[in-house]
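Take a look at the structure below.
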Amino acid sequence: MAIREDVLVVGGGIAGATAALAAAESGATVRLLSHKKSTLRQASGLIDVLGAIPRDGSSDGADPAGDRSPGDRTEPAGGGSTGESELVADPFEAIGRLPEAHPYRVVGGGAIRDGLELFDDAVGGAYEGAHTDRNALVITHGGTVKPTARYPESVAPGLASAERDTLLVGFAGLTDFDAPAAAAHLDAAGVPFAVDGATVEFPVRFRDDALTTRFAKALDTDESNARRRLADAVRDADADLDGYDRVGFPAMLGDDEGEAVRTDLEDRLGASVFQIPTGPPSLLGTQLEDLLFDALDAAGVRLASGNPAVGYEASDGRIDSVLVDRRGREVPYAAEEFVLATGGLVGKGIDSDRESVTEPVFGCHVPHPEDRYDWSEPEAFGGHAFARFGVVPDDDLRPAGESGEPEFENLRAAGGVLGGADTAREKSAAGVSLATGAYAGRRAGEEATR
Amino acid sequence: MDPSATDGPATGSDLEPVSVFGDDGTMDLRPGADNCYKCSVCDTTCPVAEVDDDFPGPKFQGPEQWRLKRKEGSEIDDSIMSCSNCMRCDDACPSSVPLSQMHNTARGEYVDEQMDKLSVEYVRNRILANYRTSAWFASKVPRLANFAMNFGPTRWVMEKAMGITSERDFPAFATQTFREWWRNRGGADASRRNAREARERRGDPVDADKKVAYFHGCYSNYNTPEVAKALVRVFESFGYEIVAPEQRCSGTPMFANGMLADAERAAEVNVASFADLVEEGYDAVASCTSCSMALRQEYPELFDIEGIEDVAENTFEALEYLRIKEDLEGAIADASVEEQAFAYHAPCHARNQGLDRQALELFRELDGVAMEDVGDSCSGISGTYGWKEEKYETSMKIGEDMFEHMHDAAGDVGMTECPTCAMQMEHGTGYEIKHPLQLLEEALC
Ligand SMILES: Cc1cc2nc3c(=O)[nH]c(=O)nc-3n(C[C@H](O)[C@H](O)[C@H](O)COP(=O)(O)OP(=O)(O)OC[C@H]3O[C@@H](n4cnc5c(N)ncnc54)[C@H](O)[C@@H]3O)c2cc1C
Ligand code: SF4
Ligand code: SF4
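Protein sequences appear in the order of chains A and B.
Residue 98 in this note's numbering is what sits at position 89 of the first sequence, and the numbering runs on without skipping anything.
Residue 794 in this note's numbering is what sits at position 431 of the second sequence, and the numbering runs on without skipping anything.
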C-alpha cells in the first residue's frame with residue numbers, strides 16, 4: 010500500500026481545512042480528502058463565532074437524545090414563534106453559558122483563539138475583525154444585522170455599528186436582494202444611521218436568471234463600461250447621493266478584480282462602497298474556499314477530492330486506513346491519525362433516513378430520539394433536536410460510543426459532524442468548525458509526530 | 364438551515380419509478396432530480412455558463428429539464444448541445460445529483476428525435492465524434508494527411524461546408540502508430556520478457572502476478588504514440604506485463620455529441636475485450652483521463668453490457684495505478700532529471716476522478732523539476748467542442764484563464780493528461796505539451 014501520510018483529514022470544509030493546517034504546523038505530513046465542494050459555496054463567507062444564546066431550553070444542557078415531549082404533530086412547520094435568543098457581544102465571555110456538551114465547552118476558549126489565528130494567517134489580509142474579541146454587526150441581505158467575528162474586507166465599510174448614512178442598492182431582476190425592503194427592515198430595527206434603498210438596472214443585460222458570477226465578471230472586466238454605467242445608474246436612481254456616506258451592493262462586485270471595482274465605484278460615487286453577503290451560490294463563500302485551499306497548498310497539504318470515504322480498516326481499536334470509493338473500488342488511504350470533518354446534515358457527514366440518524370464513514374454513535382416526530386419542532390426556527398445531531402466527543406474530541414469511551418484511539422472529529430451545538434441559532438457555525446478543527450488537527454499532528 | 368433536511372434524500376423504497384428518457388425502463392433518474400435543492404452551485408461551476416450568456420447551465424439541463432420532460436410533448440431544449448460534457452457540475456453538486464448522466468441522456472434523446480439527420484451539423488458532429496475512423500484512414504498515409512488536413516483550401520472548405528473551425532491546426536498523425544510499434548516490438552511476448560527481467564532486477568518474485576491491459580485510446584495510438592510508449596516502458600520497469608487488446612474509441616466524443624448508439628457499439632467492443640482480461644486477473648489502465656472516465660463512470664451509467672461493472676471497477680488511470688500499487692513516491696525521490704519547469708493543467712475529467720493533484724504532488728518531489736499548477740479553469744476545448752466553428756470562440760474564452768496562467772508560470776513546457784487539453788494549451792500558447800508519463804519515463808527508465 011503506497012498512499013500513506015501521518016494525518017488524514019476527511020472532509021474539505023472549513024473544519025477540515027483548519028484541521029489540516031493545524032496538523033501541518035506540527036510538522037506532520039497531511040492529506041485532506043474530500044468528496045465534493047464544501048458548503049462554503051453556499052455560506053455567506055462570514056465567520057460567526059457566537060452571536061446568540063438560545064433561551065428556550067434547547068441549550069440547557071439537555072441530552073438531544075433525551076425524552077422530549079412530542080410536538081404538536083398536526084401543526085404545520087413554519088408556524089409559531091421564533092425561539093428566544095439572547096444576543097452576544099463578546100463570544101469569549103459567553104462560552105460559560107453554553108450547555109456543557111457544547112463543543113466550545115469541550116475545547117475551551119483557547120482553541121477558539123487558535124482557530125481564529127490559523128484562519129487569520131490563512132486568509133492573509135482578506136478578512137477583518139481580528140483587532141477585537143467583540144462581535145461586529147454585519148448587514149445581511151435580508152436587512153437584518155448579524156453578529157460575527159470575521160468578515161471580508163469588502164464587507165467592513167458596511168458595519169451597522171458605524172453611524173454613517175447608508176444607501177443600499179439592489180439590481181432589478183435579482184429577487185434575492187430587495188434593497189428598499191432591506192433598508193426599511195434595518196430602519197425599523199433602529200440602526201443608528203439613516204438608511205434608504207434603491208433598485209437599479211444592472212448596466213449589462215443578462216438572461217433573466219443570470220448568476221452572480223456573471224455580474225461579477227462583467228465588473229471585473231469592465232464589460233461595456235459596466236463600472237461607470239453602474240455608478241451612473243445609482244446616481245439616476247438617487248439624485249441625493251451626496252447625502253450618503255456609504256453605498257452597499259449585494260456581494261457581486263467583481264471577483265479577481267474586486268478591490269479595483271470597489272475603488273472605481275467609490276471614486277465615481279464619492280462614498281465608500283461595501284458588499285452585503287448573499288445567499289447561495291455565494292461569491293464570498295467561494296472566495297473563502299479558494300483562500301483556504303491556497304493556504305493548504307502553501308502548507309504542503311496533499312489534497313484528493315472527487316471521491317467519497319466510505320469505510321475504514323481498523324485493528325486494536327485504532328484505524329489503519331480510510332477506504333475511498335473510487336468508482337466501485339475501495340482504495341485505502343493509510344495514516345497514523347485521522348480527523349473526521351465531513352459536516353452535518355447539509356454537508357452529508359450525518360445521514361438520516363426515516364428510522365435513524367447515522368455517521369456513515371466510521372459508523373460512530375449519533376444519539377437521537379427514537380421517535381422521528383421528536384427530531385424537530387413545529388416552529389421553523391425552533392430549538393430542533395436535529396440541529397444538534399452529531400457525534401459525541403470525549404474530552405479529546407474523539408467520537409465516543411454510548412458508554413462514553415472513544416470509538417477509536419486515533420480518530421478525532423471537528424466541525425458540523427459534532428453534535429451538541431445548534432450552530433444555526435447560535436450563529437456559531439464557522440467558529441465551531443475553526444475551534445474544533447484547530448484542536449483536532451493539532452492533537453492529531455502531535456500524536457502522529459510523537 | 365432548512366429543517367426539511369432531516370427528511371434526507373429520497374430513498375428508493377417508496378418511490379414510483381418514472382422513466383422519462385428512453386423507453387426501456389432501465390434508467391430512473393427521478394431520485395437524482397428530487398435531490399436537487401436549487402442551490403445553483405453547479406451553475407457557478409459550469410465553464411460554458413460562465414462565458415456564454417445564452418447557455419442556461421447545468422441545473423436547467425439536468426433536474427429542471429428532466430421535470431419539464433415529464434409533461435407530454437415537451438421537447439429537449441437545443442441548448443443541451445452547448446454543454447461540453449466537461450462533467451464539472453457532477454463534482455460540484457453537494458447533493459450528488461447525477462447531472463452529467465442527465466445531460467448525456469437528454470443529449471442522446473435530442474439527437475435521436477429532434478436533430479435533422481441530413482443537417483450539416485449532424486453530419487459534422489458524427490464525423491468529429493467518430494474521430495477514430497478518420498484517424499485510421501489518415502494513419503495509412505500520415506504525411507499526406509498531415510499536409511492535406513492543414514492545407515489552406517481544404518480548411519476553407521471544411522469550415523464553410525462542415526462547420527469545422529479553420530482556426531485550429533489539425534494534430535499531426537504519427538508516421539508509425541503505437542500498435543504498429545507494439546507489434547514490431549514483439550507485442551505481449553516481448554512485454555512479458557521485459558517485465559520478468561525488471562522483476563529480477565528489482566528483486567521481486569519472478570512469477571509475480573503483475574499484469575495490465577492497456578486502453579490506449581485513439582489519440583495515443585494515432586497521434587502521440589510517445590505517450591503510449593512511455594506507459595509501456597514505465598510499467599515494464601515496475602515489472603508489469605502489458606497486453607494491448609483489441610479496442611475502439613472510448614466513446615467520449617460520442618457522448619458529447621449525443622451519438623449514444625455509436626458510443627454503445629464502441630463500448631460493447633471495449634467491454635467484451637477487457638472483461639475477459641479482467642477475469643484473468645488483469646487490471647485495465649488508461650493514459651487518457653477521458654478514456655478512464657468513460658470506462659469507469661459513463662459506461663455503467665448509460666449502458667447495460669455484460670461485464671461492464673467488472674471492467675469499471677478494475678479500470679485505473681496509469682499514474683493513479685502506480686501510486687496505489689507501487690512505491691512510486693520512493694522511486695521518484697531517488698531519481699533526478701535535467702532541470703525543467705512545467706505549467707500543469709488538470710483536465711476536467713481528471714478532476715472528476717479525484718486525480719487533479721497527483722502529478723503535482725508526485726513531481727514536486729522529483730529532483731530537477733519545477734511544477735506549477737495553472738489554476739482550476741477548464742481548458743475549454745472539451746474534445747470535439749472547440750473544433751466546431753460556432754463553438755470556437757466560447758472554447759477560447761473559457762481557455763483564456765488557463766493561457767494567462769501558463770504565460771505567467773515559470774515553465775514554458777505544458778503538462779496535462781488529456782490529449783485535447785494538450786491541443787488547446789498548445790493552440791493558446793504555442794508551448795510544447797507533455798504527458799506526466801513522459802516525465803516519469805525520463806525519471807525512471
Ligand atoms: C447555506 C449556508 C449558510 C451558512 N452561513 C454561515 C454564516 O453566515 N456564518 C457561519 O459562520 N457559517 C455559515 N455556514 C456554515 C459553514 O459554512 C459550514 O457549513 C460549517 O462551518 C460546517 O463546516 P464543516 O467543515 O464542518 O462542513 P462542510 O462545510 O459541510 O464540509 C463537509 C465536507 O466534507 C465532505 N464530505 C462529506 N462526506 C464525505 C465523505 N464520506 N468522504 C469525503 N468527504 C466527505 C464534503 O464534500 C465537504 O467538503 C453556512 C452553511 C450553509 C450551508
Ligand atoms: S458538463 Fe460541463 S459544460 Fe455541461 S453543463 Fe456540466 S459543467 Fe456545464
Ligand atoms: S448543485 Fe446540485 S442541488 Fe445545487 S442546483 Fe445544482 S443540481 Fe441542484
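We put the beta carbon where it would ideally sit given N, CA and C, even for glycine.
What in chain B is Cβ-close to residue i, meaning under 9 Å?
i, result
"A:Ser314", "Asp454, Arg714, Gly717, Asp719, Arg720"
"A:Phe215", "Asp416"
Does any heavy atom of ligand 2 sit closer than 7 Å to the C-beta of residue i?
i, result
"B:Gln424", "yes"
"B:Val411", "yes"
"B:Met478", "no"
"A:Ser442", "no"
Going by the C-beta, is residue i closer than 7 Å to any heavy atom of ligand 1?
i, result
"B:Lys434", "no"
"A:Thr351", "yes"
"B:Gly602", "no"
"A:Thr185", "Here residue 185 of chain A is Asp; the residue named in the question, Thr, does not match the sequence. The answer is no for A:Asp185."
"B:Gly791", "no"
"A:Asp254", "no"
"A:Leu127", "no"
"A:Ala52", "yes"
"A:Leu49", "yes"
Under 8 Å Cβ-Cβ, which residues of chain B neighbour residue i?
i, result
"A:Pro63", "The premise fails here: A:Pro63 is roughly 14 Å from chain B at the closest Cβ pair, so nothing lies under 8 Å."
"A:Gln51", "Cys402, Val404, Pro457"
"A:Thr464", "Because chain A spans 10 through 459 in this model, residue 464 of chain A falls outside it and cannot be assessed."
"A:Pro289", "Cys402, Ser403, Val404"
Does the beta carbon of residue i sit closer than 8 Å to a beta carbon anywhere in chain A?
i, result
"B:Leu803", "no"
"B:Pro457", "yes"
"B:Cys402", "yes"
"B:Ala675", "yes"
"B:Asp406", "yes"
"B:Ala696", "no"
"B:Gly388", "Any reading at B:Gly388 is ruled out, since the residue's pLDDT is 41, under 50, leaving its predicted position unreliable."
Using a Cβ cut-off of 8 Å, pull out every chain A residue sitting near residue i, in sequence order please.
i, result
"B:Gln660", "Arg336"
"B:Glu672", "Gly337"
Which residues in chain C have a C-beta closer than 9 Å to the C-beta of residue i? List them in chain order.
i, result
"A:Val340", "Protein chains A and B are contained in the structure displayed, whereas chain C is not."
Hey, would you say the C-beta of residue i is under 7 Å away from at least one heavy atom of ligand 5?
i, result
"A:Val355", "As for ligand 5, it is missing from this structure, which binds only ligand 1, ligand 2 and ligand 3."
Can you check whether the C-beta of residue i is within less than 8 Å of a C-beta belonging to chain B?
i, result
"A:Gly21", "no"
"A:Ile12", "yes"
"A:Lys155", "no"
"A:Lys45", "yes"
"A:Leu220", "yes"
"A:Gly70", "Because the pLDDT at A:Gly70 is just 40, under 50, the model does not fix this residue reliably, and the value given afterwards should be weighed accordingly. Not closer than 8 Å to any Cβ of chain B, the Cβ of A:Gly70 fails to qualify, so no."
"A:Thr91", "Residue placement at A:Thr91 is poorly supported in this model, since its pLDDT is 45, which falls under 50; the coordinates are not used for a value here."
"A:Pro259", "no"
"A:Thr184", "no"
"A:Thr48", "yes"
Run through the DSSP bridge pairs and tell me what residue i is partnered with.
i, result
"A:Leu420", "A:Phe347"
Check whether the Cβ of residue i sits closer than 7 Å to any heavy atom of ligand 3, and report yes or no.
i, result
"B:Pro419", "no"
"B:Cys446", "no"
"A:Val115", "no"
"B:Lys401", "yes"
List, in chain order, every chain A residue whose beta-carbon is nearer than 9 Å to that of residue i.
i, result
"B:Glu413", "Leu220, Thr222, Arg223, Lys226"
Starting from residue i, find everything on chain A with Cβ-Cβ shorter than 7 Å and list it in chain order.
i, result
"B:Glu724", "Arg311"
Counting only runs that start and end within the stretch 594-637 of chain B, where is the beta strand (DSSP E) found for 3 or more residues in a row?
-> 604-606
Report the residue ranges of all beta strand (DSSP E) runs contained in full by the stretch 446-472 of chain B; include only those spanning at least 3 residues, in chain order.
-> none
Counting only runs that start and end within the stretch 682-743 of chain B, where is the alpha helix (DSSP H) found for 4 or more residues in a row?
-> 691-696, 711-714, 721-726
Which runs of the beta strand (DSSP E) fall wholly inside the stretch 527-593 of chain B and span at least 3 residues, in chain order?
-> 574-578
Going along the chain, which unbroken runs of the beta strand (DSSP E) with 3 or more residues stay wholly within the stretch 302-360 of chain A?
-> 311-314, 318-324, 327-335, 338-349
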